[in-house]
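Peer 1: Residue numbers (the working numbering): 336 to 566. Here a beta-carbon is modelled for each residue, glycine too, at the ideal position from N, C-alpha and C.
1) Where in the stretch 418-478 do unbroken runs of the beta strand (DSSP E), each at least 3 residues long, occur, reported from the N-terminal end onward?
2) Which residue marks the beginning of the beta strand (DSSP E) containing residue 363, and which one marks its end?
3) Using a Cβ cut-off of 8 Å (strictly closer), state whether residue 445 contacts chain D.
4) Can you tell which of 533, 564, 553, 557 has the C-alpha that lies nearest to the C-alpha of residue 409?
5) Report the CB separation of residue 564 from residue 551 in whole angstroms; it is logged as a contact under 8 Å.
6) Closer than 8 Å by C-beta to residue 382: which residues in its own chain qualify, once you throw out the five before and the five after it? Chain order, please.
7) Does DSSP put residue 341 in a helix, in a strand, or in coil?
8) Among the residues of its own chain, which have a CB less than 6 Å from the CB of residue 425, if the five just before and after it don't count?
9) Please confirm if the stretch 383-401 is in contact with the stretch 437-449, defined as three or more CB-CB distances below 8 Å between the two stretches.
10) Smallest Cα separation from residue 429: which of 414, 459, 420?
11) Can you list, in chain order, the stretches of the alpha helix (DSSP H) that have 4 or more residues and sit fully within the stretch 512-549?
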């Protein structure tokens, strides 16, 4: 393994860009592995004259009402919980003109129609999130480059619990937060509940679906507990 940095990854991505074209770069990996953070760090490290946009695949999740109607409320993040055709169309469309992409609120834990935005003329689009693994036929979404973030499960669990507990704590002052419904739990109970979510939902999704992207990724980044990176 060779140590790397977001700046080094940004340089590799920039080297793949051709003037007048839009380069679509996917960044995927387990829940809580740091996809959003790495996308932001790469965007900040790219040359100032490069127009960069970041798109989260969370926006392509089916709305909660639809997931409930389809019996998928406990399968959020699994392939069937995404509007895959809409995401594929948006990714392909980014190369040809303006595309309106949906957005997701981690406060309401649902798609936020009011936050949709239009992207046009980007040099590089960083698409971060789930739903980027190959399908049953082995076909991955229309991406020019795919980065997979790998990490030890114990480290991912630590990051997942830290994120959950942070949102749980913040919900004490925000009754509109999705996490307010867990405020009746004490801290130990909340941690135990979060661990059950990992074991019952996120871990199976990671092992059965998300991790399939590792074998087809152009770059595999291994992340340590201290957030250092290697390739």
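Peer 2: With the given structure in hand:
1) The stretch 418-478 is shown to contain whole beta strand (DSSP E) runs of 3 or more residues at 434-436, 452-454, 459-463, in chain order.
2) Annotation: the continuous beta strand (DSSP E) that includes residue 363 extends over 358-364.
3) In the structure shown, chain D cannot be found, because there is only a single protein chain.
4) Per the Cα distances, 533.
5) Not confirmed; about 20 Å, so no contact.
6) Excluding sequence neighbours, residue 382 sits near 349.
7) Note: residue 341 maps to helix in three-state DSSP.
8) Closer than 6 Å at the Cβ level, and outside the excluded window around residue 425, lie 434, 436.
9) Between the stretch 383-401 and the stretch 437-449 there are three or more C-beta pairs closer than 8 Å, enough to call the two in contact.
10) Nearest of 414, 459, 420 to residue 429, Cα basis: 459.
11) With a minimum length of 4 residues, the continuous alpha helix (DSSP H) runs that stay inside the stretch 512-549 are 522-532, 538-543.
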